[in-house]
Each structure stands twice: as C-alpha cells, then as structure tokens.
Amino acid sequence: MKISARNQLKGTIVEITKGATTAHVRLDVGGTIVTSAITNAAVDELKLAVGQKAYAVVKASDVMIAID
C-alpha cells in the first residue's frame, strides 16, 4: 500500500460493529483503541475481520482504514 497521508497508525482490528449503513471499526494500536466510522460497503470490500492487521489513516477530522 502506498498513501500520501503521514498519520498512519498500524494496529489490529478488535471489533467491527455494523449499523444500518455505517460500521464502527476498532483498532488496537499499541494498547490504545482507535475507532473509525466507515461504510458497511467498505468493510465488505476490504474484507475486514477481527484479528486482521490494518492501519488507521488520519486525515483532517476523519479516520479511514487501510490494509496491505
């Protein structure tokens, strides 16, 4: 993965909670939990799963999820 954002936090997905249209993905980043709100479609397209390594990519006020 290549991305221009400088604020990348590598962690492990510990919880995925899907709502009607939006999912909350919780990452354990060195003992700190970072929560991202992304679409259910993004969770499905990225095939996110608990235990998977992922990145919280912080840009402005949003937190996105990225995978290798």
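Oh and the sequence shown: position 26 is 26 in the UniProt record's numbering, straight run, nothing missing.
C-beta atoms are modelled at their ideal positions from N, C-alpha and C, and glycine is treated no differently.
query, result
"Rounded C-alpha distance that separates residue 48 from residue 15", "10 Å"
"Residue from 26, 12 and 21 with nearest C-alpha to residue 40", "21"
"Where the alpha helix (DSSP H) through residue 50 begins and ends", "Run containing residue 50: none; DSSP gives neither H nor E here."
"Residue 28 (DSSP reduced to helix, strand or coil)", "strand"
"Burial state of residue 36 (16 or more Cβ within 10 Å)", "buried"
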